[in-house]
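Structure record follows, encoded as structure tokens.
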Amino acid sequence: MRNQELNLLVIFDAIMTEGSITRAANSLSLTQPAVSNALSRMRTAWKDELFVKDGRNIQPTIYAQNLWTQIKLPLEQLEEAVDANSFDPATAKRTFRIAAADVIIETIWRPLRKLIEQEAPNINIHAVPYTILNAEGVLHDAEVDMVVGANVPTSNVIRSEHLYTPCYICVMRPDHPLAKANLTLEEFAEAEHLLVSLSGDASGFTDEVLAQHGLSRRVSMTVNHFSAVPELLKETNLISIVPSTAVEKAIFSGELTVIEPPLQLSPNHVASFWHKRQERDQGLIWLRKHVNDLIKTGAQLHLEELKQRICKGCT
Numbered sequence: 249m250r251n252q253e254l255n256l257l258v259i260f261d262a263i264m265t266e267g268s269i270t271r272a273a274n275s276l277s278l279t280q281p282a283v284s285n286a287l288s289r290m291r292t293a294w295k296d297e298l299f300v301k302d303g304r305n306i307q308p309t310i311y312a313q314n315l316w317t318q319i320k321l322p323l324e325q326l327e328e329a330v331d332a333n334s335f336d337p338a339t340a341k342r343t344f345r346i347a348a349a350d351v352i353i354e355t356i357w358r359p360l361r362k363l364i365e366q367e368a369p370n371i372n373i374h375a376v377p378y379t380i381l382n383a384e385g386v387l388h389d390a391e392v393d394m395v396v397g398a399n400v401p402t403s404n405v406i407r408s409e410h411l412y413t414p415c416y417i418c419v420m421r422p423d424h425p426l427a428k429a430n431l432t433l434e435e436f437a438e439a440e441h442l443l444v445s446l447s448g449d450a451s452g453f454t455d456e457v458l459a460q461h462g463l464s465r466r467v468s469m470t471v472n473h474f475s476a477v478p479e480l481l482k483e484t485n486l487i488s489i490v491p492s493t494a495v496e497k498a499i500f501s502g503e504l505t506v507i508e509p510p511l512q513l514s515p516n517h518v519a520s521f522w523h524k525r526q527e528r529d530q531g532l533i534w535l536r537k538h539v540n541d542l543i544k545t546g547a548q549l550h551l552e553e554l555k556q557r558i559c560k561g562c563t
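Here is the structure:
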């Protein structure tokens with residue numbers, strides 16, 4: 249293969265990975281016109297449009313998707329063969345994309361930014377919306393570098409690392425009629441519930457447990473992010489089952505009351521996920537270590553404080 253053709257493949261890989269000519273240019277330290285000119289040469293050489301406009305974004309053609317499937321891993325292997333330890337956080341210029349729920353972002357984004365300013369000043373971190381439904385797809389399609397969440401199917405190409413098991417609690421406003429000890433299962437089922445649904449479904453694992461007892465509940469309202477929960481609960485008759493990290497400030501300030509759930513809940517573990525093709529990516533290995541450590545440390549500190557102050561049953 250001639251050097252020019254190999255260069256075109258490298259630029260093509262960057263466009264596919266970034267989903268944008270501008271971002272591809274930044275990742276390659278090239279100008280946008282240079283990448284656009286290279287794309288024109290690709291279209292002539294490979295006799296395909298390769299990318300079509302979709303609003304402000306671009307979408308690959310079937311030919312481009314098939315080509316990328318064939319070349320991505322060999323290109324990564326070539327790069328690793330030349331210099332497997334090429335990532336230096338102090339000098340690296342790179343953008344990482346992480347799909348995570350807002351409760352994770354609020355927990356680690358500030359300490360992660362402080363760490364980057366100290367160790368990797370040219371590294372960018374972009375948050376991508378996370379839902380249970382899209383988590384596996386964004387990894388397969390290289391739309392993100394890693395996912396932090398639950399219910400992501402692992403396979404021979406999806407890798408994972410367990411981070412923590414959330415402590416789910418029942419919360420409501422302090423003067424709520426159900427804010428009392430020994431809440432019964434029937435009282436719980438008859439209440440008006442707020443559900444945080446990242447998938448859009450109006451049911452969750454709480455409904456599955458209730459069904460085992462021959463009961464169902466009324467999900468009166470759903471939201472798709474945890475940050476909306478405290479204000480909704482403080483001013484309404486809604487109650488909610490949420491991970492304790494999502495409402496800790498409102499709990500510790502006394503704005504919300506914690507009631508021990510009258511049923512045994514077994515929530516899914518939270519883990520980080522990434523694609524096998526980036527298993528030896530030194531940059532992503534560096535990022536995963538710091539993100540995972542920040543989440544594990546934050547979760548442990550939170551649960552210890554919660555057990556001491558409020559919820560004796562959290563483990």
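Be aware that the sequence shown starts at 249, since it is given in the working numbering, and climbs by one per residue.
Ideal Cβ positions, reconstructed from N, Cα and C, are used throughout, including at glycine.
The structure displayed is predicted, hence computed values, not measured ones.
Mapping DSSP to helix, strand and coil, what is residue i?
i, result
"residue 440", "strand"
"residue 354", "helix"
"residue 489", "strand"
"residue 468", "strand"
"residue 462", "coil"
"residue 499", "helix"
"residue 337", "coil"
"residue 561", "At residue 561 the pLDDT is 43, less than 50, meaning the model places this residue with poor confidence and gives no usable figure here."
"residue 311", "helix"
"residue 513", "coil"
"residue 292", "helix"
"residue 455", "helix"
"residue 261", "helix"
"residue 381", "coil"
"residue 532", "helix"
"residue 400", "coil"
"residue 476", "helix"
"residue 272", "helix"
May I ask you to list the residues that DSSP assigns as paired with residue i?
i, result
"residue 305", "302"
"residue 344", "373"
"residue 240", "One cannot answer for residue 240 here, as it falls past the ends of the chain, which runs 249 to 563."
"residue 394", "346"
"residue 566", "Because the chain in this structure spans residues 249 to 563, residue 566 falls outside the shown range and cannot be described."
For residue i, count the other beta carbons within 10 Å of its own beta carbon; 16 or more makes it buried, fewer makes it exposed. Which is it?
i, result
"residue 382", "buried"
"residue 545", "exposed"
"residue 300", "exposed"
"residue 501", "exposed"
"residue 377", "exposed"
"residue 374", "exposed"
"residue 281", "exposed"
"residue 371", "buried"
"residue 249", "Low confidence applies to residue 249: its pLDDT is 47, below 50, so where it sits in the model is not reliable enough to give any reading."
"residue 535", "buried"
"residue 274", "buried"
"residue 322", "exposed"
"residue 549", "exposed"
"residue 507", "buried"
"residue 425", "exposed"
"residue 533", "exposed"
"residue 439", "buried"
"residue 338", "exposed"
Among the residues of its own chain, which have a CB less than 8 Å from the CB of residue i, if the five just before and after it don't count?
i, result
"residue 434", "463"
Whose C-beta lies closer than 6 Å to the C-beta of residue i among residues of the same chain, with five residues either side of it excluded?
i, result
"residue 467", "441, 443 and 450"
"residue 482", "421 and 503"
"residue 392", "345, 347, 376 and 386"
"residue 276", "262"
Got a sec? Which residues, its chain only, sit under 7 Å from residue i by beta carbon, not counting five neighbours each side?
i, result
"residue 573", "Outside the displayed span of the chain (249 to 563) sits residue 573, for which this structure offers no information."
"residue 494", "351, 474 and 477"
"residue 270", "280"
Kindly confirm or deny that the segment 263 to 280 and the segment 302 to 318 touch, where touching means at least three C-beta pairs closer than 8 Å.
Verdict: yes, contact present.
On the three-pair Cβ rule with 8 Å, is the segment 530 to 546 touching the segment 439 to 459?
With the cut-off at 8 Å, the segment 530 to 546 and the segment 439 to 459 do not touch.
Spell out a yes or no on whether the segment 360 to 380 and the segment 482 to 494 are touching, meaning 3 or more CB-CB pairs, one atom from each, closer than 8 Å.
At 8 Å Cβ cutoff, the stretches do not touch.
Would you say the segment 400 to 412 touches the segment 520 to 529, given that touching needs at least three Cβ pairs under 8 Å?
Cβ pair count under 8 Å is three or more, so yes.
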